[in-house]
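Below is one structure, written out as structure tokens; comments come after it.
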Amino acid sequence: MSNASAMAVRVARHPHVRFLVFGAVLMTLPALASSGIMMTSTLSTLGFTLIYAIVAMGLNLLLGYSGLISLGTAGFMGLGAYLAAYVQDDLGLGFWVAVLAALIVPTFIGLLVGVVSLRVRSIYLAIATLTISEILLKTFEQAEWFTRGTAGKQSSYPVVLGIQTDRSSMFFIIVVALVLVMMLTHNIVHGQLGRALHAMRSSEVAAQAMGVNVLTYKLFAFAVATMYAGLAGALYLFFLKSSYPSTWNLFLSLNVVAMVVVGGLRSIYGTVAGAFVIFAVPELILKELPVIGDTPGLPYIFSGVLIVVVIMFFPQGLRGLTDLLRGLVTRRPSAAASEQAPEEVAAR
Amino acid sequence: MELLQPLLRSLETGSVYALAALGIILVWRTSRVMHFAQGSMGMFSGTAVAFVFDRTGAPLWASVLVGAVVAILLGFAVDFAVIRRLRRATAVGKEIVTLGLIMVFLGLAPIVFGTDPLLLPKAIPTGDLTLGNANLSYNGLLNILLGVVIAAVLFVVLQKTKIGLAIRATASNESTARLMGIPTKTVTLLAWATAGVLGMLAAVMIAPTTTVTPTFMNTVQVTALFACVLGGFQTFYGPVLGAYLIAIASNFLKLSVSSVWGDQILYLLILVFLLVRPNGLVGKTYLKKV
Numbered sequence: 181m182s183n184a185s186a187m188a189v190r191v192a193r194h195p196h197v198r199f200l201v202f203g204a205v206l207m208t209l210p211a212l213a214s215s216g217i218m219m220t221s222t223l224s225t226l227g228f229t230l231i232y233a234i235v236a237m238g239l240n241l242l243l244g245y246s247g248l249i250s251l252g253t254a255g256f257m258g259l260g261a262y263l264a265a266y267v268q269d270d271l272g273l274g275f276w277v278a279v280l281a282a283l284i285v286p287t288f289i290g291l292l293v294g295v296v297s298l299r300v301r302s303i304y305l306a307i308a309t310l311t312i313s314e315i316l317l318k319t320f321e322q323a324e325w326f327t328r329g330t331a332g333k334q335s336s337y338p339v340v341l342g343i344q345t346d347r348s349s350m351f352f353i354i355v356v357a358l359v360l361v362m363m364l365t366h367n368i369v370h371g372q373l374g375r376a377l378h379a380m381r382s383s384e385v386a387a388q389a390m391g392v393n394v395l396t397y398k399l400f401a402f403a404v405a406t407m408y409a410g411l412a413g414a415l416y417l418f419f420l421k422s423s424y425p426s427t428w429n430l431f432l433s434l435n436v437v438a439m440v441v442v443g444g445l446r447s448i449y450g451t452v453a454g455a456f457v458i459f460a461v462p463e464l465i466l467k468e469l470p471v472i473g474d475t476p477g478l479p480y481i482f483s484g485v486l487i488v489v490v491i492m493f494f495p496q497g498l499r500g501l502t503d504l505l506r507g508l509v510t511r512r513p514s515a516a517a518s519e520q521a522p523e524e525v526a527a528r
Numbered sequence: 108m109e110l111l112q113p114l115l116r117s118l119e120t121g122s123v124y125a126l127a128a129l130g131i132i133l134v135w136r137t138s139r140v141m142h143f144a145q146g147s148m149g150m151f152s153g154t155a156v157a158f159v160f161d162r163t164g165a166p167l168w169a170s171v172l173v174g175a176v177v178a179i180l181l182g183f184a185v186d187f188a189v190i191r192r193l194r195r196a197t198a199v200g201k202e203i204v205t206l207g208l209i210m211v212f213l214g215l216a217p218i219v220f221g222t223d224p225l226l227l228p229k230a231i232p233t234g235d236l237t238l239g240n241a242n243l244s245y246n247g248l249l250n251i252l253l254g255v256v257i258a259a260v261l262f263v264v265l266q267k268t269k270i271g272l273a274i275r276a277t278a279s280n281e282s283t284a285r286l287m288g289i290p291t292k293t294v295t296l297l298a299w300a301t302a303g304v305l306g307m308l309a310a311v312m313i314a315p316t317t318t319v320t321p322t323f324m325n326t327v328q329v330t331a332l333f334a335c336v337l338g339g340f341q342t343f344y345g346p347v348l349g350a351y352l353i354a355i356a357s358n359f360l361k362l363s364v365s366s367v368w369g370d371q372i373l374y375l376l377i378l379v380f381l382l383v384r385p386n387g388l389v390g391k392t393y394l395k396k397v
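Chains as they are written, first to last, in my numbering: chain E, 181 to 528; chain V, 108 to 397.
Given below as structure tokens:
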């Protein structure tokens, strides 16, 4: 019996099981909304928060492990959104083809950009992606056959597995996508790829000497980041049912950077928390504040100041905060450190 | 195709990009920070110029002086309060901080200056100069001269003066420079303030062609970064050269290939160019020591 319960504990402790539990908890939110406990607009905000968490997860892999920044997140996400709309509504090929297109095309473009810019110096990726994002934004405004220009592309809730979706069922799909992305990210980080990425993080030169092809792994991390962005773009479109070029500007990309920084590098739950702080807190809380709530530009200052303050004083982000709290609760200040240890060993 | 007219116009916009790019390279060489907020800091002090001009009716030159004070104070504040305290942050951490600064200034601008878009007139409202069969407005001439003269003065300062020597020493090796008794902190402080003023000037020069909104410097920022990439990050004159080349290429592409997609094609061409010469036009090979 003790054997079985030990087994049960081990299963419950498995990260994938925890991700599933986390997803199951999120799945209860639409019920809260339909029973009137939570406003429907809050449900929408939370849905978008989870979508941004997916994008941020990709950027976290890129930034956290290869130290690269992409400023093209908004462009790739927008490309995913417009592709999904084009494939589903203009070509009539349905949900799955739409998602597939939103996954493949941005990843391919991302790979091309990565091959060109990563050969020189890490920072060139930021500049190159910033430019690609500007080019894509211009495309969204000009290529009317594809995007309807500034008038905006309208879409509809998709039919998934023969079921016509609505707002709540799209929320379920977003949660499923998020849980899958969390599992995939966890597997990448803890697999052979993850070891190479860890090695690269501690010393690129040493990793290179050990036979890690740094360029390949950086490209891989960047490809994953663009793929998540494409997926999130498609989900965004299906959740909002429309897309306007002005959505996909530089400040969205910067907000995603802020989510990663605030949530904590290399932390999966932290990224979700970061998305909540950067996207949902301004929407749900700051706007409601008396006196300063109506101030224009408040969300920008909130994100910007958080980025600067977190980098200056709390480099670990929210993850550092939870480690600290856990240490206080269990009276074992080294709990956080010992949990880190296997990773650190793998990195050396 | 008429060549002189687009060339003159390119020199005019090239000067704007060159000033912005000079700010980025000054900061990069002295503090090793990729200054993504150059455009938005220029936007903020440029908006200050437009605000003073619009609300107080002060003459343009006086407004620009006020803007310069704002720009210098902002540069000091950012270096003193943030960048200087980032010694232990990684390179990417510093980059992210300047990205955060973009958002801070973008959010501050409407709070300080209001949400109504402002207008800024040309420094010289009317008058054209005829060169052969090409026209150049006096204002355009002023912009070209401003760009060229300021860049030239900066190069003379860098090469011939004691301050310039201190900046170059800091750029070449910050810790050695400090050991040699160079006040590197003052040097970076100066670099940030100068970058701020250059950004403000770029903003004032580009403002008459558009309206002063929080995003009006975005194109300048992107182009200036690309000028640095094209010119290479190892010299001070490379980015200036890159800025003028980009302006010229952009104008001719817009005229001869596509008026809508000219800039986009150019950006792609520069990315491809990086494959051939990864360190830019005048860049030296970049060696990484273990």
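All C-beta atoms, glycine included, are put in the ideal place defined by N, C-alpha and C. Here the structure is a predicted model, which is why all the values come from computation and not from measurement.
Within chain V, partners of Pro476 (chain E) - CB distance below 7 angstroms: Here residue 476 (chain E) refers to the residue found at position 296 when the first sequence is read from its first residue. Contact of Pro476 (chain E) with chain V by beta-carbon distance below 7 angstroms involves Pro217, Ile218, Thr222.
Assigned exposure category for Trp325 (chain E) - 16 Cβ within 10 Å defines buried: To locate residue 325 (chain E), count along the first sequence from 1; it is residue 145. Here Trp325 (chain E) is exposed, its C-beta having fewer than 16 other C-beta atoms within 10 Å.
Interface partners of Gln145 (chain V) on chain E, CB under 7 angstroms: Indexing the second sequence from 1 puts residue 145 (chain V) at position 38. Those within 7 angstroms of Gln145 (chain V) in chain E number zero; the least Cβ separation is about 13 angstroms.
Would you decide whether Met390 (chain E) is buried or exposed? Buried here means 16 or more other CB atoms lie within 10 Å of its CB. Start at 1 with the first residue of the first sequence, and residue 390 (chain E) comes out as number 210. Exposed, by the Cβ-count rule.
Runs of beta strand (DSSP E) lying entirely within the stretch 149–192 of chain V, each at least 3 residues, in chain order: Considered as a whole, the stretch 149–192 of chain V harbours no complete run of any beta strand (DSSP E) with no fewer than 3 residues.
Would you be able to state if there are at least three C-beta pairs under 8 angstroms between the stretch 367–386 of chain E and the stretch 305–313 of chain E? By the C-beta criterion, the stretch 305–313 of chain E is judged not to be in contact with the stretch 367–386 of chain E, since fewer than 3 inter-stretch pairs fall below 8 angstroms.
Tell me the DSSP secondary structure of Ile377 (chain V) in three-state form. Along the second sequence, read from residue 1 onward, the residue named residue 377 (chain V) stands at position 270. Ile377 (chain V): helix per DSSP, three-state reduction.
Tell me the rounded alpha-carbon separation between Leu206 (chain V) and Val267 (chain E). In the second sequence, counting from the first residue as 1, residue 206 (chain V) sits at position 99. In the first sequence, counting from the first residue as 1, residue 267 (chain E) sits at position 87. Whole-angstrom Cα-Cα distance: 34 angstroms.
Using a Cβ-Cβ cut-off of 6 angstroms (strictly less than) and excluding sequence neighbours within five positions of Leu352 (chain V), which residues of its own chain qualify? Here residue 352 (chain V) is taken as the residue at index 245 of the second sequence, counted from 1. Within the same chain, and ignoring the five residues on either side of Leu352 (chain V) in sequence, no residue has its Cβ closer than 6 angstroms to its Cβ.
Are Ala236 (chain E) and Leu417 (chain E) touching if we call contact CB-CB under 8 angstroms? Here residue 236 (chain E) is taken as the residue at index 56 of the first sequence, counted from 1. Here residue 417 (chain E) is taken as the residue at index 237 of the first sequence, counted from 1. Contact annotation: Ala236 (chain E) and Leu417 (chain E) have beta-carbon atoms that are not nearer than 8 angstroms.
Tell me which residue opens and which closes the beta strand (DSSP E) that Ala241 (chain V) is part of. As a working mapping, residue 241 (chain V) is identified with position 134 in the second sequence. Per DSSP, Ala241 (chain V) belongs to the beta strand (DSSP E) from 241–244.
Quick one: is Arg198 (chain E) near chain V, going by C-beta distance under 8 angstroms? Numbered from 1 along the first sequence, position 18 holds the residue referred to as residue 198 (chain E). Chain V contact via Cβ: absent.
Name the DSSP bridge partner or partners of Val340 (chain E)? Counted from its first residue, the first sequence places residue 340 (chain E) at position 160. Under the DSSP definition of a beta bridge, Val340 (chain E) partners with E:Ile343.
What are the residues that DSSP puts in a beta bridge with Gln570 (chain E)? For residue 570 (chain E) there is no data in the structure shown, the boundaries of chain E being 181 and 528.
Does the CB of Pro346 (chain V) have a neighbour CB from chain E at under 8 angstroms? On the second sequence, position 239 is the one that residue 346 (chain V) refers to. Pro346 (chain V) does not count as touching chain E.
Express the C-alpha separation of Ala188 (chain V) and Thr291 (chain V) in angstroms, rounding to a whole number. Your numbering for residue 291 (chain V) matches position 184 in the second sequence. Your numbering for residue 188 (chain V) matches position 81 in the second sequence. C-alpha of Thr291 (chain V) to C-alpha of Ala188 (chain V): approximately 16 angstroms in a straight line.
Where Val394 (chain E) and Gly374 (chain E) are concerned, what is the direct C-alpha to C-alpha distance, given to the nearest angstrom? Taking the first residue of the first sequence as 1, we reach residue 394 (chain E) at position 214. Taking the first residue of the first sequence as 1, we reach residue 374 (chain E) at position 194. It is roughly 12 angstroms from the alpha-carbon of Val394 (chain E) to the alpha-carbon of Gly374 (chain E).
Just verifying my parser: in three-state terms, what is the DSSP assignment at Leu111 (chain V)? The residue you call residue 111 (chain V) lines up with position 4 of the second sequence. Leu111 (chain V) falls in the helix class under three-state DSSP.
In chain E, what lies closer than 8 angstroms to Ala196 (chain V) by C-beta? The residue labelled residue 196 (chain V) in the question sits at position 89 within the second sequence. Those are Ile491, Met492, Pro495, listed as they occur along chain E.
Extent of the continuous alpha helix (DSSP H) to which Leu434 (chain E) belongs: For the purposes of this step, residue 434 (chain E) is taken as residue 254 along the first sequence, with counting starting at 1. In the DSSP annotation of this structure, the continuous segment of the alpha helix (DSSP H) that includes Leu434 (chain E) starts and ends at 430–443.
Would you mind working out which of V:Phe262, V:Glu109, V:Ala334 sits nearest Leu238 (chain V), comparing C-alpha positions? Locating residue 238 (chain V) in the second sequence gives position 131, counting from the first residue. The shortest Cα separation from Leu238 (chain V) among V:Phe262, V:Glu109, V:Ala334 belongs to V:Glu109.
Just the C-alpha distance for Thr330 (chain E) and Met307 (chain V), rounded to the nearest angstrom, thanks. Within the first sequence, numbered from 1, the residue matching residue 330 (chain E) stands at position 150. Within the second sequence, numbered from 1, the residue matching residue 307 (chain V) stands at position 200. Between Thr330 (chain E) and Met307 (chain V), the C-alpha separation is close to 31 angstroms.
Cβ atoms of Gly477 (chain E) and Ala216 (chain V): under 8 angstroms apart, would you say? Taking the first residue of the second sequence as position 1, residue 216 (chain V) is located at position 109. Taking the first residue of the first sequence as position 1, residue 477 (chain E) is located at position 297. Cβ distance < 8 angstroms, so Ala216 (chain V) and Gly477 (chain E) count as in contact.
Examine chain E for any beta-carbon lying closer than 8 angstroms to the beta-carbon of Phe323 (chain V), and answer yes or no. Indexing the second sequence from 1 puts residue 323 (chain V) at position 216. No, its Cβ sits nowhere closer than 8 angstroms to a Cβ of chain E.
Same chain, Cβ closer than 7 angstroms to Leu441 (chain E), neighbours up to 5 away in sequence not counted: Here residue 441 (chain E) corresponds to residue number 261 of the first sequence, with the count starting at 1. Strictly speaking, residue 441 (chain E) in this sequence is Val, with Leu absent from that position. Within the same chain, Val441 (chain E) has close Cβ partners Ile487, Val490, Ile491, Gly497.
Name the residue from V:Arg192, V:Leu226, V:Leu129, V:Asp161 whose alpha carbon lies nearest to the alpha carbon of Ile313 (chain V). Here residue 313 (chain V) refers to the residue found at position 206 when the second sequence is read from its first residue. Per the Cα distances, V:Leu226.
If you measure from the beta carbon of Ile353 (chain V) to each beta carbon in chain E, is any gap under 8 angstroms? Translated into the one-based positions of the second sequence, residue 353 (chain V) becomes position 246. Using beta-carbon distances, Ile353 (chain V) does not count as an interface residue toward chain E, since no partner is under 8 angstroms.
Answer with yes or no whether the minimum CB distance from Phe275 (chain E) to chain V is below 8 angstroms. Position 95 of the first sequence, counted from the first residue, corresponds to residue 275 (chain E). With its beta carbon at least 8 angstroms from every one in chain V, Phe275 (chain E) lies outside the interface.
Straight-line gap, Leu445 (chain E) to Met407 (chain E) (C-alpha atoms, nearest Å): If you number the first sequence from 1, residue 445 (chain E) lands on position 265. If you number the first sequence from 1, residue 407 (chain E) lands on position 227. If you take the alpha carbons of Leu445 (chain E) and Met407 (chain E), they lie about 19 angstroms apart.
Please list, in chain order, all residues of the same chain as Gly500 (chain E) whose beta carbon is under 7 angstroms from its beta carbon, the five residues on each side excluded. Position 320 of the first sequence, counted from the first residue, corresponds to residue 500 (chain E). The residues are Gly444, Phe494.
Kindly identify the DSSP beta-bridge partner or partners of Val304 (chain V). For the purposes of this step, residue 304 (chain V) is identified with residue 197 of the second sequence, where counting begins at 1. Answer is none; Val304 (chain V) lacks a bridge partner.
Alpha carbon to alpha carbon, what distance is there between Gly254 (chain V) and Ser422 (chain E)? For this step, residue 422 (chain E) is matched to residue 242 along the first sequence. For this step, residue 254 (chain V) is matched to residue 147 along the second sequence. Just so you know, the alpha carbons of Ser422 (chain E) and Gly254 (chain V) end up roughly 44 angstroms apart.
For Val441 (chain E), return the contacting residues in chain V, with the cut-off set at a CB-CB distance below 7 angstroms. On the first sequence, position 261 is the one that residue 441 (chain E) refers to. Simply Ile203.
Please check the pair Gly146 (chain V) and Gln371 (chain V), which I expect to be a contact at CB under 8 angstroms, by giving their CB distance rounded to whole angstroms. Taking the second sequence and counting its residues from 1, one reaches residue 146 (chain V) at position 39. Taking the second sequence and counting its residues from 1, one reaches residue 371 (chain V) at position 264. Beta-carbon to beta-carbon, Gly146 (chain V) and Gln371 (chain V) are separated by about 19 angstroms, too far to satisfy the 8 angstroms threshold.
Taking the alpha carbon of Val311 (chain V) as the reference point, which residue from V:Ala175, V:Leu114, V:Arg116, V:Leu111 has its own alpha carbon closest? Here residue 311 (chain V) refers to the residue found at position 204 of the second sequence. Nearest C-alpha to Val311 (chain V): V:Ala175.
Should Asn280 (chain V) be labelled buried (16 or more other beta-carbon atoms within 10 Å of its own) or exposed? As a first step, residue 280 (chain V) must be located in the second sequence, where it is residue number 173. Exposed.
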